[in-house]
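> I'd like to ask you about the structure that follows.
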Amino acid sequence: MRVLIVDDEPSIRKITGLAVESMGHEVVTAPNGARALKELETESCDACFLDVNLGTEDGLVVLEKLLKAQPGLVVIMFTAYASIAVAVEAMRRGAFDFIPKPFTPDQIRQVLDKVGRTRKLEQKVKQLESQITEETPGLDLTSAEPAMQKLLQIAFKAAETPATVLILGPSGTGKSVLAREVHRRSTQKENAFITVNCPSLSRELLESELFGHVKGSFTGAVNDTMGKVAAADGGTLFLDEIGELPLEIQPKLLRLLQEREYERVGEPKIRKANVRVIAATNRNLAEEVKAGRFREDLYYRLNVINVTLPGLKDRPGDLMRLAENYRVFFCGRMGKRVAEFSPAVKEAFVRYGWPGNLRELRNVIERAVILSSGELIEPADLPEEFSHQADSSIAVGARVTLDALETEHIRRVLASAKNLDEAAKTLGIDPATLYRKRQKLGLI
Ligand SMILES: Nc1ncnc2c1ncn2[C@@H]1O[C@H](COP(=O)(O)OP(=O)(O)OP(=O)(O)O)[C@@H](O)[C@H]1O
Numbered sequence: 001m002r003v004l005i006v007d008d009e010p011s012i013r014k015i016t017g018l019a020v021e022s023m024g025h026e027v028v029t030a031p032n033g034a035r036a037l038k039e040l041e042t043e044s045c046d047a048c049f050l051d052v053n054l055g056t057e058d059g060l061v062v063l064e065k066l067l068k069a070q071p072g073l074v075v076i077m078f079t080a081y082a083s084i085a086v087a088v089e090a091m092r093r094g095a096f097d098f099i100p101k102p103f104t105p106d107q108i109r110q111v112l113d114k115v116g117r118t119r120k121l122e123q124k125v126k127q128l129e130s131q132i133t134e135e136t137p138g139l140d141l142t143s144a145e146p147a148m149q150k151l152l153q154i155a156f157k158a159a160e161t162p163a164t165v166l167i168l169g170p171s172g173t174g175k176s177v178l179a180r181e182v183h184r185r186s187t188q189k190e191n192a193f194i195t196v197n198c199p200s201l202s203r204e205l206l207e208s209e210l211f212g213h214v215k216g217s218f219t220g221a222v223n224d225t226m227g228k229v230a231a232a233d234g235g236t237l238f239l240d241e242i243g244e245l246p247l248e249i250q251p252k253l254l255r256l257l258q259e260r261e262y263e264r265v266g267e268p269k270i271r272k273a274n275v276r277v278i279a280a281t282n283r284n285l286a287e288e289v290k291a292g293r294f295r296e297d298l299y300y301r302l303n304v305i306n307v308t309l310p311g312l313k314d315r316p317g318d319l320m321r322l323a324e325n326y327r328v329f330f331c332g333r334m335g336k337r338v339a340e341f342s343p344a345v346k347e348a349f350v351r352y353g354w355p356g357n358l359r360e361l362r363n364v365i366e367r368a369v370i371l372s373s374g375e376l377i378e379p380a381d382l383p384e385e386f387s388h389q390a391d392s393s394i395a396v397g398a399r400v401t402l403d404a405l406e407t408e409h410i411r412r413v414l415a416s417a418k419n420l421d422e423a424a425k426t427l428g429i430d431p432a433t434l435y436r437k438r439q440k441l442g443l444i
């Protein structure tokens, strides 16, 4: 940890500094509030020891300034026995703990251990929270396909370095899952893995979500926030759907990648963050650059190591193993005993194009396990797309009616989309229209 010691007495700074350094931490010291703030400006700290009586300055006022400069900073107050009431007040204002003077190195060790434990717990909670929302059945990051094996090897090798990794591939191929695995195999695996979903917010909100903002910087900014870059400091920042990052934010991300610097919205102060960036997209970024929607310099900066996940239809050697894993998982979750896929289902799986890739496979099997009434999963337990798949004659340019083409196109887009809204967006129609068309065309 980087630890800041703020005390007007040189001897206290020295003794505390020696104790903290002997515990393997980095030390910076400051004799007053102004110098302490300067230190935080240069680089953020993990913890700070602050004297309540800083000569002519009030330690409580300095405490507030430090917390404003770095929200969430862990501050431990040094206090004389006589000023315990002040220490209690400091805790009320956001201090983490206090140590009465005179103190022993052991007290410093104990409090720093407590800071370390709290940080670990906070990060663990964050990680677990995002894992729960994913609800992932046993992930299988192996492959029988040589191309996929090679790609996984590259990704896992890159994981051990701080290199930026760009994960490309169609929707549902497992880009987010691979990003998390790269983090899990990295040296910063104990620290946070923070995801930012680039298209989910307006430009203003996305900028604030990434870099944080100060109170009053825009309508609705009622508090100071740190942003996800700060939350990922020391860990990994996963930028999902990077191809949709608005052009206005792109230079700010480039600066973070190149200089490790950023500014919160509404605050012209340079902050530092040491984050490992992983980005993913299902767009062709090189095409986006050509079309002027993505900055070339950012593209090259992100594209240090890139891997392209193949669609499920290009992984025939993995298909049935993945399907089996899902079957076992969903049977367990639903307390059902569905022993196997029937031969006809296996055949249908191999023939099918899987436009929605692993996501679609998961959904198809979850549904089939729910619907199956015997020991086998039968073709009747599969969605309608599977009975239509033989109809490959419906293609653009084929001698078919516009209606047939429309039905087939909507069916395929629905099968590969996460939800109705996403499908409507792809089709360029509003969700209510898609809902009506789906009913009219019997695509439920
Ligand atoms: N290796 C794997 N083993 C089992 N399931 C997986 C694996 N990789 C991904 N999945 C499952 O496939 C689904 C899609 O994965 P993920 O969200 O990572 O894909 P994606 O490529 O990021 O999709 P999108 O581009 O739409 O965001 C999830 O339900 C995930 O649990």
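Each residue of the sequence shown is one higher than the one before, starting from 1 at the first, in UniProt numbering.
Just so it is clear, CB atoms sit at the ideal spot from N, CA and C, and this is done for glycine as well.
Computed from a predicted model, the values in this text were never measured in an experiment.
1) Give the secondary structure of residue 347 by DSSP, where H, G and I count as helix, E and B as strand, and everything else as coil.
2) Rounded to the nearest angstrom, how far is the Cβ of residue 310 from that of residue 173, given a contact under 8 Å?
3) What are the uninterrupted segments assigned as alpha helix (DSSP H) that are 4 or more residues long and contained completely in the region 32–112, given in chain order?
4) So, at 6 Å on beta carbons, what are the nonlocal neighbours of residue 476 in its own chain, with the 5 sequence-adjacent residues on each side left out?
5) Determine the DSSP secondary structure at residue 381, reduced to helix, strand or coil.
6) Around the C-beta of residue 88, are 16 or more other C-beta atoms found within 10 angstroms, so that it is buried, or is it exposed?
7) For the candidate residues 340, 43 and 257, whose alpha-carbon lies nearest to that of residue 163?
8) With DSSP collapsed to three states, give me the class of residue 390.
9) For residue 236, count the other beta carbons within 10 Å of its own beta carbon; 16 or more makes it buried, fewer makes it exposed. Which is it?
10) In terms of residue numbering, what span does the beta strand (DSSP E) encompassing residue 30 cover?
11) What are the boundary residues of the alpha helix (DSSP H) that residue 426 is part of?
12) Taking 6 Å as the limit between beta carbons, can you name the residues of its chain near residue 43, skipping five residues before and five after?
13) Let me know if residue 436 comes out buried or exposed under the rule of 16 or more other beta-carbons within 10 Å of its beta-carbon.
14) Quick one: which unbroken alpha helix (DSSP H) runs of 4-plus residues sit fully inside the region 207–231? Chain order, please.
15) Look at the alpha carbon of residue 196 and the alpha carbon of residue 243, and state the distance between them as a whole number of angstroms.
16) For residue 330, list the residues DSSP reports as bridge partners.
17) Where does residue 165 sit, in a helix, a strand or coil, going by DSSP?
18) Does ligand 1 have a heavy atom nearer than 7 Å to the CB of residue 176?
19) What's the C-alpha gap between residue 441 and residue 221?
20) Between residue 284 and ligand 1, is the CB less than 7 Å from at least one heavy atom?
21) For the alpha helix (DSSP H) holding residue 195, just list the boundary residues, first then last.
22) Let's see if you can read the secondary structure: which residues bound the alpha helix (DSSP H) around residue 303?
23) Flag residue 342 as yes when its Cβ comes closer than 7 Å to any non-hydrogen atom of ligand 1, and as no otherwise.
Taking the definition as stated:
1) Helix at residue 347.
2) The pair is a contact, with the Cβ atoms about 7 Å apart (cut-off 8 Å).
3) Qualifying alpha helix (DSSP H) stretches, in chain order: 33–42, 59–69 and 84–92.
4) Nothing can be reported for residue 476: it is not among the residues displayed for the chain, which extend from 1 to 444.
5) It is helical.
6) So residue 88 counts as exposed.
7) Ranking 340, 43 and 257 by Cα distance to residue 163 puts 257 first.
8) Bear in mind that the predicted position of residue 390 carries a pLDDT of just 46, short of 50, making it unreliable; the figure below should be weighed with that in mind. Note: residue 390 maps to coil in three-state DSSP.
9) With 16 or more neighbouring CB atoms inside 10 Å of its own CB, residue 236 falls in the buried class.
10) Per DSSP, residue 30 belongs to the beta strand (DSSP E) from 26–30.
11) Here the alpha helix (DSSP H) through residue 426 covers 420–427.
12) Same-chain partners within the cutoff: 272.
13) So residue 436 counts as exposed.
14) Runs of the alpha helix (DSSP H) inside the region 207–231: 227–231.
15) The alpha-carbon atoms of residue 196 and residue 243 are separated by roughly 13 Å.
16) None; residue 330 has no bridge partner.
17) Residue 165: strand per DSSP, three-state reduction.
18) Yes, Cβ of residue 176 sits closer than 7 Å to a heavy atom of ligand 1.
19) Straight-line Cα distance between these residues: approximately 46 Å.
20) Residue 284 has its CB no nearer than 7 Å to any heavy atom of ligand 1.
21) Premise fails: residue 195 lies in the beta strand (DSSP E), 193–197, not in any alpha helix (DSSP H).
22) For residue 303, there is no enclosing alpha helix (DSSP H), since its DSSP letter is neither H nor E.
23) Answer for residue 342: no, Cβ out of range of ligand 1.
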